[in-house]
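In the working numbering, the protein residues as written are -13 to 465. Where is the CB? At the ideal position from N, CA and C, for every residue including glycine.
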């Protein structure tokens, strides 16, 4: 059911977006939402094709009289990040999202909203279903598995596309036009440790929650707290600590917002743990941004269980302490929030004596990323871990001479009275991959304002959707 005050205009885009929120669409589970798009296409008499991995292209004929204007690609991804708060009962593979309108923002009840990139998908469908929109022939490209490593774009059969101009609708700051994005890659680390019984020790469970979390690209410069780093910080101050389990992080592109660790220590030091935690929590709140001030840390006794040796526990905690996380360098020629190079220590799991870690890095210049790659690989090897380099993807090098950018800037100024900011984004848009597959394509990216992407605080600023739609449709009318 639509919430009270759900937006009504522009009608087509808001109706399609609502339908997207009611269809579960985690990465790798896009079949149902892809079928919704196909049903809409067939209802309009449009043809469509999928490639071998499940990417979808819908072919929309030109408006009458526009047949000779050249084909335009509109590109978005079907999947969404699936994150919820601990107290929210929600199955992302089955349940529709529960929407709320709060102070001019559309959000979901304690889950991600999927405006990233559902609003862009809705806009593409609205162009197809709204007869008032004048446009050339269109190829509506809907990719899959973007949020788990841009797998759909990597495997895309570019032969399905003929257009040489592309609008990507997957950026999240209205009144800004984007002409570049970061590339990326990552690593996984594994090691099996022996365990021992330690009946003479005192056992504890530490739960940490309430951090903001968020997008590991566009929010990495905000210095948001990492649950992994904070848990490790606490444990390094526990004398004689022995690890049993460690669980934090959910995906390579999400800053870890909560976590749990089970550990043991000598009973003689157990009484000092609560005071140690209170002291550290005060220190953390002294430097973490306001968005993280919902931090809660709960320490409770736990049942005895097998643990790593003191030496192995120290080795794991030392690795977490020195492992890089956050922005590594900035582009000084651009605004200060444009990060050139970053890394996200995304996941740590220690269970049944097996350690698994995952990190992801983002860059504009691949060569600049190489020392950081070698650094994390060296750290893994020094700790005796099996290190695997995960498949990377290219960036989209900024093109400030793009004809499509010039057209978009001029149109924005005519419509809204000022020139928009032109930026590159420190996130893995699919544009870099698509550009590598179709070198002749000119790309421009823009979208309405979204905040808190990849976290349960994700929200869409309602009053930016109408002007976003106005720019999109006016641009298509001119192209």
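By the criterion of a C-beta distance shorter than 7 Å, residue 240 is surrounded in its chain by 67, 69, 199, 202, 332, 440, once the five residues flanking it on both sides are discounted. Relative to residue 301, the option among 251, 108, 222 whose CA is nearest is 222. Here the C-alpha atom of residue 339 lies approximately 34 Å from the C-alpha atom of residue 275. Under the criterion of beta carbons closer than 8 Å, residue -10 and residue 87 qualify as touching, at roughly 7 Å. Assignment of residue 190 by DSSP, reduced to helix, strand and coil, places it in the strand class.
The straight-line gap separating the alpha-carbon atoms of residue 264 and residue 286 is approximately 14 Å. Straight across, the Cα-Cα distance linking residue 364 with residue 311 is about 15 Å. With respect to residue 11, residue 390 sits apart: the two C-beta atoms are not nearer than 9 Å. With fewer than 16 other Cβ atoms from the protein chains shown falling within 10 Å of its own Cβ, residue 254 counts as exposed. Between the alpha carbons of residue 182 and residue 345 lies a gap of roughly 29 Å. Across the set 462, 437, 432, the C-alpha of 432 shows the shortest separation from the C-alpha of residue 161.
With contacts defined by Cβ atoms closer than 9 Å, residue 252 and residue 226 form a contacting pair.
DSSP places residue 417 within a helical segment (H, G or I) once states are collapsed to three. By the neighbour-count criterion, in which a residue is buried when 16 or more other Cβ atoms sit within 10 angstroms of its Cβ, residue 465 is buried. Between the alpha carbons of residue 49 and residue 121 lies a distance of about 6 Å.
In the DSSP assignment, residue 299 falls within the alpha helix (DSSP H) that extends over 296 to 308.
Here the stretch 185 to 194 does not lie against the stretch 95 to 113, with fewer than 3 beta-carbon pairs under 8 Å apart. Residue range 389 to 402 is occupied by the alpha helix (DSSP H) that includes residue 398. Exposure of residue -13 is indicated by the presence of fewer than 16 other C-beta atoms within 10 angstroms of its C-beta. Taken through DSSP and simplified to helix, strand or coil, residue 177 comes out as strand. Residue -12 sits in coil when the DSSP states are folded into three classes, being neither helix nor strand.
According to the DSSP assignment, residue 374 belongs to the beta strand (DSSP E) that extends over 372 to 379.
Contiguous beta strand (DSSP E) elements confined to the stretch 7 to 92 occur at 33 to 36, 42 to 46, 58 to 63, 85 to 88, taking only those with 3 or more residues.
By the Cβ criterion, the stretch 351 to 371 is not in contact with the stretch 136 to 148, since fewer than three pairs of Cβ atoms, one from each stretch, lie closer than 8 Å.
Per DSSP, reduced to three states, the secondary structure at residue 268 is helical. By the CB criterion at 9 Å, residue 372 and residue 129 fall outside the cutoff. When DSSP states are grouped into helix, strand and coil, residue 340 belongs to the strand group. The criterion of a C-beta distance shorter than 9 Å is satisfied by residue 394 and residue 461. In the structure shown, residue -1 adopts helical secondary structure according to DSSP, grouped into three states. Annotated three-state conformation of residue 137 is helix, per DSSP. Boundaries of the alpha helix (DSSP H) around residue 102: 101 to 115.
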